[in-house]
Amino acid sequence: MAFDLPSLPYSRDALQPHISEETLNFHYGKHHQAYVTNLNKMIEGGPMADASLEEVIMDAAGDASKAGVFNNAAQVWNHTFYWHSMKPAGGGAPTGKIAEMIDRDFGSYDAFKEAFSTAGATQFGSGWAWLVLDKDGKLAVRKTPNAETPLTEDGVTPLLTMDVWEHAYYLDFQNARPKYIETFLGELVNWDFANQNLTDAS
Ligand code: MN
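By this note's numbering, the letter at position 86 of the sequence shown is numbered 416, and the numbering carries on one by one without gaps.
So this is what it looks like as structure tokens:
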């Protein structure tokens with residue numbers, strides 16, 4: 331069964347003025363859609379045609395002969411996770427369980443912000459910054475290149491992600507990736523989603 335482009339959790343203009351409707355038209359409407367379309371073409375009629383998205387990702391991960399399937403499937407998953415990692419009028423300090431764990435594992439929210447911002451800013455070229463629940467039960471920051479995702483790491487639960495591919499910010503911020511990262515944390519990040527992912531993991 332073919333995959334559909336998942337609905338956005340808000341309208342395409344809902345993240346303005348921080349991320350424009352034009353960016354969502356391209357990033358969601360063109361890029362995310364293209365990953366879905368390409369993935370469907372690649373798995374049609376094959377052994378993974380009826381598998382879940384997560385099964386397709388796990389089957390292709392680390393197998394060079396399935397790099398195309400992995401890249402498109404993981405990008406479908408990563409982008410859906412990214413849209414939920416933001417919300418209108420989001421941003422700022424976390425609340426709830428994730429706030430307690432950030433203080434426990436990073437020392438302070440400012441220290442987390444520094445680690446997450448550095449991960450996003452220093453991911454050379456295209457990729458992603460992540461907040462994950464690591465296998466030791468502690469929060470950790472990750473950066474991954476291209477379509478790579480911590481979903482494939484045994485015992486690691488993704489909690490939040492930030493797309494740092496240029497297509498995520500170029501129309502609104504041009505080359506100023508650090509300004510986009512500051513805006514993601516200050517105005518957009520959805521801590522409710524991180525708290526929900528923590529609850530689901532326990
Ligand atoms: Mn993207």
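Every residue, glycine too, gets a C-beta built ideally from N, C-alpha and C.
Quick caveat, the model's predicted, so the values are computed rather than measured.
Asked                                                                                           : Found
Nearest neighbour of TRP521, chosen from HIS409, SER382, ARG342 and GLY420 [CA to CA]           : GLY420
Burial state of ALA498 (16 or more Cβ within 10 Å)                                              : buried
For LEU463, three-class secondary structure by DSSP                                             : strand
Whole-angstrom distance between THR367 and LEU490, CA atom to CA atom                           : 25 Å
CA nearest to the CA of ALA305, picked from LEU338, ASN355 and MET416                           : Outside the modelled stretch of the chain, which goes from 331 to 532, sits residue 305, for which no answer is possible.
Status (buried if at least 16 other CB within 10 Å, exposed otherwise) for ARG507               : buried
Beta-bridge pairing of TRP458 - partner residues as DSSP gives them                             : THR474 and ASP493
Among ASN505, LEU469, LYS396 and ILE387, the one whose alpha carbon lies nearest that of ASP435 : LEU469
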